[in-house]
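A.B. asks: Under the numbering used here, the first residue of the sequence shown is numbered 423, with each subsequent residue one higher.
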Amino acid sequence: MNLIVTSSVEEFNSRAAQFVLRELFKNPRLVLGIATGNTTIGIHRELARQSITLAADWSQVQSFNLDEFLGPSPADPKSCHWRTYDQLLPLPGFRRENIHLPSSDPAMAEQTLWEYPAAIREAGGIDLQLLGIGTNGHIGMNEPSTPWESDMFIVQLSSHTIADKAEFWGGSANVPQGGITMGMRLVMQGKKQLLLAKGADKAQAIRDTLFGKISPKVPASALQMHPDLTVLLDCEAASLLPLD
Ligand code: GLP
């Protein structure tokens, strides 16, 4: 594991963007796994800024989001669809048709369970998977105690996650109850993993993820078994790590 602890949000966003751009310059046909959330907003913005400065070309990149809520329309600014298009389309050359997300339509969910992993495989698999983490150690919508054997599944959000998302959705009653997510088996197939966390509320989850027992009780702890994991943190998220 490669651990990077940054001392400011600016440095956090900048190091993350540099990491992604290094992979893009090595491979212009990069297949990128995307996590929606507060953690990645500033990173995507910085990625656009650095991409313009360095004349990076995103025209051959394909992206696949980890998850989506079931119910909200892709035109809803709170949906992962809307937020992803909003954040990725400013990357120079990124083509809308190369941005992939699981369908938010409950009627399409069963079909998405096999179509989406097949599309990832057809693209050659995910080269670099960006991951945020929930305060309970969730990855995507893999809530604690979810078995690790699925590629993709339909999920009922935990009350913990609904409470975490309540402010963003304008109250817990407005948070969608369920979603569709890549399972840990598919996540772990990403060739390179970049786990990102900032803020004191992530500190315990990061400690459990990196130094706790490997167990579905902490979904992100599966990453301890990944051969190519980089963890990028701010000081607060790193504050409970047993480091010298
Ligand atoms: C959410 C998403 C994840 C995201 C994580 C952290 O529930 N399903 O994909 O990475 O939780 O979110 P945030 O970055 O807003 O803290």
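Glycine included, C-beta positions come from ideal geometry on N, C-alpha and C.
Values in this document were obtained by computation on a predicted structure and should not be read as measured data.
#1: I need the straight-line Cα distance from tryptophan 480 to methionine 606, nearest angstrom please.
#2: At a cut-off of 8 Å, would you count threonine 458 as near ligand 1, judging by its Cβ distance to the nearest heavy atom?
#3: With a threshold of 6 Å on Cβ separation, who are the neighbours of glutamate 565 within its own chain once the five nearest residues in sequence on each side are excluded?
#4: Helix, strand or coil for histidine 522, going by three-state DSSP, please let me know.
#5: Could you please give the first and the last residue of the uninterrupted alpha helix (DSSP H) stretch that includes glycine 459?
#6: Could you tell me the alpha carbon to alpha carbon distance between leucine 513 and leucine 476, rounded to whole angstroms?
#7: Can you give me the Cβ contacts of leucine 647 inside the same chain, cut-off strictly under 7 Å, excluding the 5 residues immediately before and after it?
#8: What residues in its chain sit with their C-beta under 6 Å from that of histidine 466, if we drop five residues either side in the sequence?
#9: Hey, would you say threonine 462 sits closer than 9 Å to glycine 554, going by beta carbons?
#10: If you draw a straight line from the C-alpha of glutamate 658 to the C-alpha of alanine 625, how long is it?
#11: Can you find a heavy atom of ligand 1 that lies under 8 Å from the Cβ of lysine 613?
#12: Closer than 7 Å by C-beta to threonine 557: which residues in its own chain qualify, once you throw out the five before and the five after it? Chain order, please.
C.D. replies: So, from the data block:
#1: What you label residue 480 is simply residue 58 of the sequence shown in a count that begins at 1. What you label residue 606 is simply residue 184 of the sequence shown in a count that begins at 1. The straight-line gap from Cα to Cα measures roughly 27 Å.
#2: For this step, residue 458 is matched to residue 36 along the sequence shown. Yes, Cβ of threonine 458 sits closer than 8 Å to a heavy atom of ligand 1.
#3: Position 143 of the sequence shown, counting from 1, holds the residue named residue 565. Excluding positions up to five away in sequence, the list reads Ser580.
#4: Stepping through the sequence shown from its first residue, residue 522 is reached at position 100. Three-state result, histidine 522: strand.
#5: Reading the sequence shown from its first residue, position 37 is the one you call residue 459. Counting along the chain, glycine 459 sits inside no alpha helix (DSSP H), nor does DSSP assign it H or E at all.
#6: Working through the sequence shown from its first residue, we reach residue 513 at position 91. Working through the sequence shown from its first residue, we reach residue 476 at position 54. So the two alpha carbons sit approximately 12 Å from each other.
#7: Taking the first residue of the sequence shown as position 1, residue 647 is located at position 225. It should be pointed out that residue 647 corresponds to methionine in this sequence rather than to leucine. The answer, listed in chain order, is Ile636.
#8: Mapped onto the sequence shown, residue 466 falls at position 44. The beta carbon of histidine 466 sits closer than 6 Å to the beta carbons of Gln509 from its chain, once the five residues preceding and following it are set aside; these are given in chain order.
#9: For the purposes of this step, residue 462 is identified with residue 40 of the sequence shown, where counting begins at 1. For the purposes of this step, residue 554 is identified with residue 132 of the sequence shown, where counting begins at 1. For threonine 462 and glycine 554, yes; Cβs fall inside 9 Å.
#10: Taking the sequence shown and counting its residues from 1, one reaches residue 658 at position 236. Taking the sequence shown and counting its residues from 1, one reaches residue 625 at position 203. Going by the C-alpha atoms only, they are around 7 Å apart.
#11: On the sequence shown, position 191 is the one that residue 613 refers to. Because no heavy atom of ligand 1 lies under 8 Å away, the Cβ of lysine 613 does not count as near it: no.
#12: Start at 1 with the first residue of the sequence shown, and residue 557 comes out as number 135. Contacts found: Asp586, Asp623, Lys624, Ala627.
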